[in-house]
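Quick note, the numbering used here runs 79 ahead of the 1-based positions in the sequence shown.
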Amino acid sequence: MSTSDRAATIDPSTAAAARLALKLTLEERRLPFPAWEETGELLDLLSRAVAEGDATAVDKLTFELQELSGSRVGRIGNPQDGTPPEDAGRTPLPEPYRERVVALVHAPDQDSPSGVSRPAPTERA
């Protein structure tokens, strides 16, 4: 069964917002490992929502992804004042999650007039 008709219901602005959040996750975010596990769960849900053409879910999950990632503005202060750096204990996106983000960002659907990506959801063991 083709989901092209449903994928077309995701408007270009929702798709663009999702891509931006994913690109920022891929390129800039630094999170503690437990937050990356939660991000992985969001990526699974986002992938499924995109595949099903559920624009409401894509929008909601994009917001949750942005909220989980927190602020992109670092704290201003003196590194010699004894406070730990803002990104202490935080790591860039781990490789297994990186592959899923790349798949979501770079898998355009040629059949969809809106150009929305529709990767298949990943299966969890």
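We put the CB at the ideal spot given by N, CA and C, even for glycine. These numbers were taken from a predicted model, which means no experiment stands behind them.
Under 6 Å Cβ to Cβ from residue i, same chain only, skipping five residues before and after it: list those, please.
i: L110; result: R169
i: F142; result: none
i: L144; result: A100 and L121
Would you mind sorting residue i into buried or exposed? The rule is 16 or more other CB atoms within 10 Å of its CB.
i: R179; result: buried
i: A128; result: buried
What is the residue span of the alpha helix (DSSP H) that residue i lies within?
i: L121; result: F112 to E131
i: A94; result: P91 to E106
i: G136; result: In the sequence as presented, Gly is not what sits at residue 136; that position holds Ala. Its alpha helix (DSSP H) spans residues A134 to S148.
i: R179; result: E174 to V184
Please report the distance separating the alpha-carbon of residue i from that of residue j.
i: K102; j: V184; result: 7 Å
i: E116; j: R108; result: 14 Å
i: E146; j: A100; result: 10 Å
i: P175; j: L140; result: 19 Å
i: A114; j: S126; result: 18 Å
i: A97; j: F112; result: 22 Å
i: T118; j: A136; result: 15 Å
i: S148; j: G132; result: 24 Å
i: A95; j: A167; result: 31 Å
Looking only at its chain, what residues have a beta carbon closer than 7 Å to the beta carbon of residue i, apart from the 5 residues adjacent to it on each side?
i: D256; result: Outside the displayed range of the chain (80 to 204) lies residue 256, so it cannot be described from this structure.
i: A134; result: T88, I89, D90 and T93
i: P200; result: At P200, the pLDDT of 47 sits below 50, so the modelled position is not reliable; the number obtained from the coordinates is stated separately. Closer than 7 Å at Cβ, skipping near neighbours: D123, S126, R127 and A130.
If I measure Cβ to Cβ from residue i and keep anything under 8 Å in the same chain, skipping five residues before and after, which residues do I get?
i: L56; result: In the structure as shown, the chain begins at 80 and stops at 204. Residue 56 is therefore absent and cannot be evaluated.
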